[in-house]
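Here the sequence shown stands for residues 1234 to 1591, where the numbers follow this note's numbering.
A virtual CB, placed ideally from N, CA and C, is assigned to each residue, including glycine.
Structure first, then comments.
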Amino acid sequence: MLFEQYQYDVFRFPQPQYLGAKYPFLDWIAKFIPNGIERAIDGFAGSQSVAFLFKKYGIEVLTNDFLFFNHQIGLALIENGRETLDKADIDLLLCENPAAGTQMQELFAGVFFEEREARFLDSFRANVEQLGSIYKKALAFAIMNRSLTRKVIMGHFAHNKALAYAANHERVKRNPSIARPIANIFKSLVPEYNRAVFDNGKHNRSFNANILDLLPTIDHADLIYLDPPYTDSHADYQAFYHLPETFTRAWRDKTFINSTKRYTPPLWSGFDKKTEVIDSFTKLFESAVHIPHWLISFNDRSYPSVETLSRLIARYKDVQIEAKPYVSSRGGKGSIAGSHEVLFVCKNKPKFALNFQR
Ligand SMILES: C[S@@+](CC[C@H](N)C(=O)[O-])C[C@H]1O[C@@H](n2cnc3c(N)ncnc32)[C@H](O)[C@@H]1O
């Protein structure tokens, strides 16, 4: 173990509940991080679990996700090296704010939450703005959004079973958090998130952009990690996580549709539709050509096939394919028992020097 890894090994990433999170695979992915990496990009960071792994390795991390609520986790746990939530912050966040808006009540009362809980969320949302720094705000959002995935059955928002299940005794026995007040869940999570804040001595940054726009603006990095949505299997993250995104952004310019009240129009990804994904990968790889090491997470039930994607990568890099079977179907995003988590481990092609003899 390198000194940097050892130094930060005590810091624990708060267990996420996010479709496709690589939290269960971190030890496996860590084996393929080459020595000597000083600056790494996590382009589709989601819960930020891999960005956090890089941070623990003492690497300078540039992390990114196009969803704003995931960017808040990046600000809170990757960019932030010092600020935590103290008792005064928590009291402020949980108090009733008579000047709060009503978006959560209007959209989600009677859908995901009881009226009282939706009112509490509006109040909390208004109180976040009173916190003194962007990192405290980001921690408040990160912890509240995690609380919401514990409160709502299945941990996502693409269904409308939340209230029925929270009233079902058998369901509550199996999963008590669906009947707990959101404020209690929030308070119980704060210490774990506070303990995950640390400084690795590097100027880490969290971005909130489409990776296709961001990557051309980054002048150098030694490694890029890419964990795109797996097209054809749970690829539409905005359908599953529209609620934390709406809560965090407090959208003003969207329409809210269907029984889950998801927002529309959605942000454009480029990686969630079969018709676009090959073109998007091609653009992504063109912009990443100057980065010597690429690690790409994939799944053998996704589109395009592993063979097609490896042929595409091989235009730019030498590629080695690693695979690990799923033992259960927990974790979503194609993680069906019998399928494999795949990691493309890519490096520069060797340069041959021609040695002409006189
Ligand atoms: C498979 S998840 C990443 C999971 C992550 N590695 C983790 O451990 O939690 C894919 C992520 O890509 C994001 N995403 C989708 N299209 C994107 C784009 N064009 N640019 C940046 N992020 C994007 C989604 O919001 C989602 O969080």
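Shown here for F1531: same chain residues with a beta carbon closer than 6 Å to its own, the five before and five after excluded, namely V1575 in chain order. The stretch 1398-1413 and the stretch 1251-1262 do not touch, with fewer than 3 CB-CB distances between them shorter than 8 Å. Ranked by Cα distance from D1455, the first of T1497, S1492, S1439 and H1523 is H1523.
DSSP places W1261 in the helix class (H, G or I) of the three-state scheme.
S1530: not part of any alpha helix (DSSP H); member of the beta strand (DSSP E) spanning H1526 to N1532, first to last residue. Between E1348 and Q1338, the alpha-carbon positions lie close to 6 Å from each other.
The criterion of a C-beta distance shorter than 8 Å is not satisfied by P1462 and D1512. Boundaries of the beta strand (DSSP E) harbouring N1297: E1293 to N1297, taken from the DSSP string. Nearest C-alpha to V1578 among P1558, K1584, S1543 and G1571: S1543. According to DSSP, I1274 shares a beta bridge with L1295 and I1457. Rounded to whole angstroms, R1272 and A1397 show a C-alpha spacing of 47 Å.
Using a Cβ distance threshold of 8 Å, P1449 and S1520 count as a contacting pair.
The stretch 1300-1371 contains, as complete alpha helix (DSSP H) runs of 4+ residues, the segments 1301-1307, 1320-1327, 1336-1341 and 1348-1361 (chain order). Remark: C-beta atoms of I1444 and L1517 approach each other more closely than 8 Å. For A1278, the CB falls within less than 7 Å of some heavy atom of ligand 1.
For F1390, same chain residues with a beta-carbon under 7 Å away, outside a window of 5 residues either side, are F1345, F1473, Y1474, H1475, L1476 and T1493 in chain order. Checking the 7 Å criterion, the Cβ of I1292 is out of range of every heavy atom belonging to ligand 1. Distance from the C-beta of S1572 to the nearest heavy atom of ligand 1 is not below 7 Å. In the DSSP assignment, D1512 falls within the alpha helix (DSSP H) that extends over K1507 to S1520. Taking the Cβ of F1504 as the reference point, at least one heavy atom of ligand 1 falls within a distance shorter than 7 Å. Q1305 and R1534 have their alpha carbons spaced roughly 30 Å apart.
Here I1546 has F1518, W1527, I1529, V1552, F1577 and C1579 as same chain residues with Cβ atoms under 8 Å from its own Cβ, once five neighbours each way along the sequence are excluded. Taking 3 residues as the shortest admissible run, the stretch 1409-1454 contains the following complete beta strand (DSSP E) segments, listed from N- to C-terminal end: 1438-1440. Beyond the five residues adjoining it in sequence on each side, K1507 comes within less than 8 Å, by CB distance, of T1464, D1465 and Y1536 in the same chain, given in chain order. For A1263, the distance from the CB to the nearest heavy atom of ligand 1 is not below 7 Å. Between the stretch 1308-1317 and the stretch 1272-1286, the count of C-beta pairs closer than 8 Å reaches three or more; the two stretches touch. With 16 or more neighbouring CB atoms inside 10 Å of its own CB, D1322 falls in the buried class. Between T1296 and V1430, the gap from beta carbon to beta carbon reaches 8 Å or more. At least 8 Å separates the beta-carbon of F1299 from that of E1478. Between the alpha carbons of A1556 and T1488 lies a gap of roughly 41 Å. According to DSSP, residue pairing for P1537 in a beta bridge does not occur.
The alpha-carbon separation between I1411 and L1381 amounts to approximately 9 Å.
The beta carbon of P1558 sits closer than 7 Å to the beta carbons of H1573 from its chain, once the five residues preceding and following it are set aside; these are given in chain order.
At a Cβ-Cβ threshold of 8 Å, I1292 and K1435 count as neighbours. P1558 sits in a strand when the DSSP states are folded into three classes.
In terms of Cα proximity to F1285, the closest of Y1458, D1469 and Y1549 is Y1458.
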